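Its first residue numbered 107, the sequence shown is counted upward by one per residue in this note's numbering.
Think of the CB as a built atom: it goes at the ideal place given N, C-alpha and C, for glycine as much as any other residue.
Quantities reported herein were computed from a predicted structural model and do not represent experimental measurements.
As structure tokens, the structure follows; a few thoughts come after it.
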Amino acid sequence: MLKRYHSDVYASIALQCLAVLMFVASLRMETLTILSIGVGSRFLPMLMAAGIFLLSTVLLLSGLKKQTEPVRETASAVDAPDVDNNQLQQKTSDEKTTVLATSLLLIGYVVALPVLGFILASTLYMAGQSMMMTSQHKKRFFMFVLPISFAVSLLLYYVFRVGFNLMLPIGLFG
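Set out below in structure tokens:
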């Protein structure tokens, strides 16, 4: 099994390779100038590739720094009580459930997008994802999540429709 710092180093190198490939691929894109300042269709992929490369470099440096730090002794699994082991197993099970639920939620979002439209589907997705990622004792903040999700969906729709002149699915209300 890989230790945490090894996985950070390997993941950052893989992300840096992906960023370089993405940058090179964006150079081959046809440019369609949207704005009068000359920002074309390749601008955002190039910006994202640069961001991925920068963040993966930070991850690489962090992983290399962890490799040089001395490793502290920890208690072995034999010394740990059964309560800790049960909590660890339950946490792992909860993480698997969260990953599965997120995947299903994303599939539902993609299916619902043409039917419900961007604004409604995005609002429901953001609210559902927020509620799923929130601990049980904080679920009462649902009354704040729904209006915020709706406002963010409207803002995104406005930015893409007016700012970038892109059509998004209208759905039921179109």
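Beta-carbon gap between L165 and L121 smaller than 9 Å: yes
Cα-Cα separation between F256 and Q173, rounded to whole angstroms: Going from the Cα of F256 to the Cα of Q173 covers about 44 Å.
Assuming V164 is part of the alpha helix (DSSP H), what are its boundary residues? 149-174
Do M135 and I158 have their C-beta atoms closer together than 9 Å? no
Please report how far the alpha carbon of M152 lies from the alpha carbon of Y116, in whole angstroms. 23 Å
C-alpha gap between A224 and G214, whole angstroms: It is worth fixing the name first, because residue 224 is Phe in this sequence and not Ala. Those two C-alpha atoms are separated by around 13 Å.
Whole angstroms is fine: what's the gap from S132's alpha carbon to F247's? 41 Å
Could you give the distance in angstroms between the alpha-carbon of V217 and the alpha-carbon of A155? So the alpha carbons of these two residues sit roughly 28 Å apart.
Rounded to a whole number of angstroms, what is the C-alpha to C-alpha distance between I254 and L211? 19 Å
Where F270 sits in the DSSP three-state scheme: coil
Using three-state DSSP, classify S182 as helix, strand or coil. In this predicted model, S182 has a pLDDT of only 48, less than 50, meaning its place in the structure is not dependable; the value taken from the coordinates is given anyway. Here S182 sits in coil by DSSP.
Are T229 and S259 close, meaning C-beta to C-beta below 9 Å? yes
M135 - DSSP class collapsed to helix/strand/coil: coil
Exposed or buried, G169, counting other C-beta atoms within 10 Å across all chains shown (16 or more means buried)? buried
Once you ignore the five residues that flank V126 on each side, which residues in its own chain have a CB closer than 8 Å to its CB? Here the set comprises A155, F159.
Exposure of M249, with buried meaning 16 or more beta-carbon neighbours within 10 Å: exposed
Counting C-beta neighbours from all protein chains within 10 Å, is the total for L226 16 or more, i.e. buried, or is it exposed? Counting every other CB atom within 10 Å of its CB across the protein chains shown gives L226 a total of 16 or more, marking it as buried.
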